[in-house]
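For the sequence shown, the residue numbers in the numbering used here are 510 to 641.
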Amino acid sequence: MIPRRLFLAGAAALPLAGIAAPALSASALGCVALNDRIVSDDNPALRVARLLIDRFGVDFRRGIDFESFISAIEASDQPVALAGGGTEPRYRIHGDLPAFETPLDELTALLGAMQGTATFNGERWFIAAGVA
């Protein structure tokens, strides 16, 4: 489901049709809310987007495909059953990652944490989380 609103910490609500507005600061991606649901910083799709902005210099509003980004967030948040009962989100990254030699190494590690892919079509990055 594509949200009607996308809230970024430190920014106003962004209608998804308004993606031609100036770029957000990278620090704005510390916390995201989709249709009033908070997405935590341990969501790997959110961390991939933040890495693309912080380390690759990607413009969030122009350089990341919103639909794939939202789908990857949702797939990572999808509850999966635990053997002992209860559920937990499908993919999470807990704690800080070690220092990586290159941004590509870090991107590879983040994508591995969600069995995901990130592809660039010459204009935008498309982010996907693996869901079996």
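The C-beta atom is built at its ideal place from N, Cα and C for all residues, glycine as well. Since this is a predicted model, take the numbers as computed values, not measurements.
Residue i to residue j span [Cα, whole Å]
i	j	result
Ala622	Gly572	22 Å
Pro588	Arg556	19 Å
Ala627	Ala590	27 Å
Arg633	Gly566	12 Å
Asp605	Arg570	26 Å
Counted within 10 angstroms of its Cβ, other Cβ atoms place residue i as buried (16 or more) or exposed
i	result
Asp586	buried
Glu610	exposed
Ala592	exposed
N- and C-terminal bounds of the beta strand (DSSP E) containing residue i
i	result
Ala592	That residue, Ala592, is in no beta strand (DSSP E); it is neither H nor E in DSSP.
Phe635	634-637
Ala608	Counting along the chain, Ala608 falls outside any beta strand (DSSP E), and DSSP gives it neither H nor E.
Under 8 Å between C-beta atoms of residue i and residue j
i	j	result
Ile582	Asn630	no
Ala558	Phe575	no
Ala584	Arg601	no
Cβ distance (whole Å) where residue i is taken to contact residue j below 8 Å
i	j	result
Ile560	Leu619	Looking at the sequence shown, residue 560 is not Ile but Leu. Yes, they are in contact, since the Cβ atoms of Leu560 and Leu619 sit about 6 Å apart, within 8 Å.
Glu597	Arg564	About 28 Å; that fails the 8 Å criterion.
Ala638	Gly625	5 Å
C-beta neighbour in chain C for residue i, strict 8 Å
i	result
Gln587	No chain C appears in the structure shown, which is made up of a single protein chain.
Span of the alpha helix (DSSP H) around residue i
i	result
Phe565	No alpha helix (DSSP H) contains Phe565, which DSSP labels as neither H nor E.
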